[in-house]
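Have a look at the structure below before the remarks.
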Amino acid sequence: ARLFKMGSGTGSNFSNIRGENEPLSGGGKSSGVMSFLKIGDRAAGAIKSGGTTRRAAKMVILDVDHPDIELFIDWKKAEEDKARILIQKGGMAADFNGEAYATVSGQNSNNSVRVTSDFIEAVIADGDWNLTRRTDGAVAKTVKARDLWRQISEAAWACADPGLQFDTIINEWHTCPEGGRIRGSNPCSEYMFLDDTACNLASLNLVRFMNPDGSFDIDSYQHAIRLWTMVLEISVTMAHFPSAPIAQGSYDYRTLGLGYANLGSMLMRMGLAYNSDEGRAIAGTLTAILTGYAYATSAEMASVVGPFPKFTENREHMLRVIRNHRRAAYDAPAEDFEGLTHTVMGIDAGLAPAPLLSAARQSWDLALDLGEAHGYRNAQATVLAPTGTIGLLMDCDTTGVEPDFALVKFKKLAGGGYFKIVNQSVTPALANLGYSEAQQSEIVTYIVGTSSLDDAPFINSESLSAKGFTAEEIAKIEATLPGVFELKHAFNVFVIGEAALQRLGFEVDEYTSWEFDLLAALGFSRSEITAANDHICGRQTIEGAPHIADEHLSVFDTANKNGKYGTRFIHHLGHIKMMAAAQPFISGAISKTINMPNEVTPEDIQDAYKVSWDLGLKSMALYRDGSKASQPLSSSSDDGASEEETEEIAAAVDKDVQIAWGQVPAGLSPSQAYAQGMHPQRFLLPGRRRGFNQEARVGGHKVFLRTGEYDDGTLGEIFIDLAKEGATLKGILSCFAIAVSKGLQYGVPLEEFVDTFTFQTFEPRGMVEGHPNIKMS
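Counting in my numbering, the sequence shown runs from 78 upward without gaps.
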């Protein structure tokens with residue numbers, strides 16, 4: 078509770094607790110580990126981390142030979158099934174902080190199964206696996222290892238939990254085994270060390286060490302590593318700990334958590350694909366320099382103020398681990414490694430740049446020489462953390478070891494509104510790949526658009542003037558274009574004004590209708606609108622861009638497909654291999670979730686876990702798209718939905734409504750139903766209807782919400798207005814309100830919209846003033 082209160086997270090291995098029905102010393106039988114985990118889960122849910130609205134960060138771990146392991150594996154899967162029923166059948170909100178998830182257990186922790194290499198070898202051999210009692214070590218149950226392996230993958234497929242931690246690999250790289258085995262990790266799974274220890278984290282922005290010519294500034298990088306190693310060492314002494322055992326453990330071992338961020342952006346700028354052998358070689362060398370030079374600095378400090386208190390008893394173990402790190406830097410053969418039973422991905426000397434390779438090897442030579450002479454001030458030096466929040470502060474395009482999320486992003490302007498920008502790494506990458514400035518400009522324009530009516534096909538200043546628009550009205554539209562996601566968002570009453578629309582011949586009832594499309598009403602065809610939209614707003618992908626060579630497309634691959642035309646993305650094995658390139662040079666582990674598309678199977682997840690173990694990773698967490706009902710829609714902006722996407726959504730809504738009426742057999746498509754004369758009905762609001770006006774401030778911005786209701790009080794329409802925001806944001810909110818209102822009038826339950834849009838986060842946001850119940854939005 079103290080850790081949660083102060084904003085920290087905890088990780089605990091509960092494998093010492095008796096299994097269900099094990100005998101108790103005082104008579105009776107144990108209720109099992111699950112009863113204690115559920116109590117701890119409730120406690121974590123009741124304590125907000127650091128006094129904020131964020132839930133407590135908690136990792137729960139159970140060994141794979143625990144008698145209750147099968148119950149543990151399916152715990153969150155069963156609870157997720159309950160939550161889905163409450164959401165889909167009970168009408169509860171899908172918000173992770175809502176009633177549905179508050180009702181079920183297991184939602185306040187990351188769950189991991191601790192597996193040994195013996196277990197995975199039993200899986201490979203299709204052997205038996207014993208679950209042993211905690212009290213006397215007797216076999217409680219024997220299962221097929223493959224059945225348990227399949228159960229883990231099916232649970233991860235269904236709800237993204239549990240993850241895996243590879244116990245044998247973790248402890249083969251343990252620098253201080255005399256203090257006990259490493260049994261757990263922090264909630265994000267990058268800090269792995271002895272129980273009752275802690276470490277502070279810090280990360281370096283790799284892009285800041287790039288020279289204008291695309292090379293890497295090794296000297297500055299080493300200087301920053303040296304400086305931050307000393308800073309983190311000082312923080313051990315300055316830190317306040319929640320308990321005496323944690324304070325003592327942290328003092329005795331003085332573990333540090335130095336890491337880096339922006340690796341994906343740096344590789345793109347260098348003109349290297351994230352999923353490439355060359356990219357992995359760069360990542361390996363930079364990680365080797367990071368940890369090798371941090372350990373060398375730690376040894377320097379030990380020469381002055383002495384090694385960490387527990388170094389002497391662990392000296393030979395730690396030097397063995399240091400030698401193995403060094404061997405990985407030299408890409409030594411497997412038989413040269415001491416005490417390792419798994420594959421180590423060393424640095425490929427034929428692919429790594431010579432200056433980086435030399436620096437990586439020299440850093441480990443220095444770390445070993447100084448450590449043998451003086452010992453080390455710190456038992457661990459590095460981890461690779463998520464850097465989700467500090468990455469924003471450091472102006473990183475990518476976090477931790479992640480690739481870029483998408484090529485086109487939206488930047489909020491200080492004065493309000495948004496400005497669409499292409500990823501900051503694209504232009505430097507094109508330059509390093511040899512494209513001329515003119516070619517770079519054309520490619521970037523293809524991605525992000527011209528944001529101008531000038532020279533646009535079909536819809537331009539000349540065609541609009543011919544339609545009756547004045548120069549002033551065209552100028553308003555032009556000024557709006559840099560911030561719009563779709564062209565139609567610049568053609569509405571909020572941008573052009575009612576007087577202009579009336580002058581153009583449109584009636585009030587017409588242009589205030591939910592179905593009103595100004596461009597279509599002006600006579601532009603769908604194909605003409607699409608062509609103009611692609612020219613002005615861009616295609617948001619580099620695929621199909623002029624000049625770009627096919628062999629360079631992989632450099633710009635991102636974690637997700639880009640825009641409505643993009644088809645490429647990084648395969649999950651590419652993520653795993655990148656982790657494997659960095660892992661041999663990290664003291665701790667790597668925090669990274671491998672995102673997988675919805676269509677993957679449990680067998681694909683099994684293969685991913687197996688590859689992770691084969692390549693020597695210490696842990697692995699996977700997330701299949703759509704596997705949790707509370708998942709936020711984050712791969713693309715709803716505001717930027719294409720016409721095709723809008724039609725798909727509309728079809729899905731129609732089908733849901735018809736099914737709710739009991740008129741459509743399962744599997745019948747809307748087009749089939751419509752062909753049979755079955756059509757959804759729209760429930761029009763009365764001309765004079767009730768509603769309410771709500772004024773509030775969200776994040777300091779004044780917001781007005783107006784509703785329209787049916788005679789029975791059911792919500793039928795909403796209007797949203799912002800007091801001082803730009804026309805673009807007003808227009809987007811207006812379109813959103815129109816879409817929701819149309820859905821409500823076609824019978825879509827309000828709860829469906831709430832569930833769908835919960836967790837979407839855009840500006841303005843923050844503290845809410847003026848509403849008695851809603852305090853954050």
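The beta carbon of each residue, even a glycine, is placed where N, CA and C say it ideally should be.
Everything numeric in this text was worked out from a predicted model, so none of it was measured.
Opposite residue i in the DSSP bridges: which residues?
{"i": "Ile671", "result": "Leu699"}
{"i": "Gln516", "result": "Paired residues: none, contrary to the question."}
{"i": "Ile138", "result": "Asn90, Ser189"}
{"i": "Lys779", "result": "Arg774"}
{"i": "Asn391", "result": "BP columns for Asn391 are empty, so no partner."}
{"i": "Val485", "result": "Val499"}
{"i": "Leu541", "result": "Paired residue(s): none; Leu541 is not in a bridge."}
{"i": "Met656", "result": "For Met656, which the question treats as bridged, DSSP gives no partner whatsoever."}
Can you tell me which of the three DSSP states residue i falls into?
{"i": "Asn57", "result": "No information on residue 57 is available, as it lies outside the stretch 78 to 854 that the chain covers here."}
{"i": "Ala45", "result": "There is simply no residue 45 to check, as the chain begins at 78 and stops at 854 in what is shown."}
{"i": "Pro100", "result": "strand"}
{"i": "Trp152", "result": "helix"}
{"i": "Arg303", "result": "helix"}
{"i": "Leu461", "result": "strand"}
{"i": "Gln228", "result": "helix"}
{"i": "Gln184", "result": "coil"}
{"i": "Gly127", "result": "Reliability of the predicted coordinates at Gly127 is poor, the pLDDT of 47 falling under 50, and no value is obtained from them."}
{"i": "Ser528", "result": "coil"}
{"i": "His848", "result": "coil"}
{"i": "Asp145", "result": "coil"}
{"i": "Ser280", "result": "strand"}
{"i": "Glu157", "result": "helix"}
{"i": "Arg346", "result": "helix"}
{"i": "Gln683", "result": "helix"}
{"i": "Gly793", "result": "strand"}
For residue i and residue j, what's the separation of their Cα atoms in angstroms?
{"i": "Phe535", "j": "Ser604", "result": "10 Å"}
{"i": "Lys695", "j": "Asp296", "result": "30 Å"}
{"i": "Asp290", "j": "Asn509", "result": "8 Å"}
{"i": "Gly127", "j": "Leu578", "result": "Confidence at Gly127 is low in this model, with a pLDDT of 47, below 50, so the placement of that residue is unreliable and no value is reported for it."}
{"i": "Phe834", "j": "Glu828", "result": "10 Å"}
{"i": "Ile162", "j": "Gly369", "result": "51 Å"}
{"i": "Lys221", "j": "Ile197", "result": "12 Å"}
{"i": "Arg210", "j": "Met287", "result": "55 Å"}
{"i": "Asp731", "j": "Gly790", "result": "Residue placement at Asp731 is flagged as unreliable, the pLDDT there being 42, under the threshold of 50; the coordinate-derived value follows with that caveat. Approximately 23 Å between the Cα atoms of the pair."}
{"i": "Ser189", "j": "Trp152", "result": "12 Å"}
{"i": "Pro559", "j": "Gly261", "result": "49 Å"}
{"i": "Asp684", "j": "Pro623", "result": "38 Å"}
{"i": "Val137", "j": "Ser92", "result": "10 Å"}
{"i": "Gly356", "j": "Ser102", "result": "57 Å"}
{"i": "Val775", "j": "Leu782", "result": "12 Å"}
{"i": "Arg759", "j": "Leu821", "result": "9 Å"}
{"i": "Trp690", "j": "Leu445", "result": "27 Å"}
{"i": "Ser631", "j": "Asn639", "result": "13 Å"}
{"i": "Arg400", "j": "Ile247", "result": "16 Å"}
{"i": "Pro432", "j": "Arg303", "result": "19 Å"}
Short check: CB of residue i to CB of residue j, under 7 Å?
{"i": "Thr332", "j": "Ala456", "result": "yes"}
{"i": "Ala358", "j": "Leu428", "result": "yes"}
{"i": "Val110", "j": "Asp142", "result": "no"}
{"i": "Gly361", "j": "Ala658", "result": "yes"}
{"i": "Gly785", "j": "Glu794", "result": "yes"}
{"i": "Thr459", "j": "Ser327", "result": "no"}
{"i": "Val421", "j": "Ala405", "result": "yes"}
{"i": "Ala506", "j": "Met345", "result": "yes"}
{"i": "Val780", "j": "Leu799", "result": "yes"}
{"i": "Asp634", "j": "Asn675", "result": "no"}
{"i": "Tyr686", "j": "Met673", "result": "no"}
{"i": "Ile647", "j": "Tyr351", "result": "yes"}
{"i": "Ala338", "j": "Gly468", "result": "yes"}
{"i": "Ile682", "j": "Trp305", "result": "no"}
First and last residue of the beta strand (DSSP E) that includes residue i?
{"i": "Gly334", "result": "334-338"}
{"i": "Leu208", "result": "205-209"}
{"i": "Ala237", "result": "Run containing Ala237: none; DSSP gives neither H nor E here."}
Alpha helix (DSSP H) containing residue i: first to last residue?
{"i": "Gly361", "result": "354-382"}
{"i": "Thr833", "result": "827-834"}
{"i": "Ile663", "result": "Segment: none, Ile663 is in no alpha helix (DSSP H) and carries neither H nor E."}
{"i": "Asn610", "result": "603-614"}
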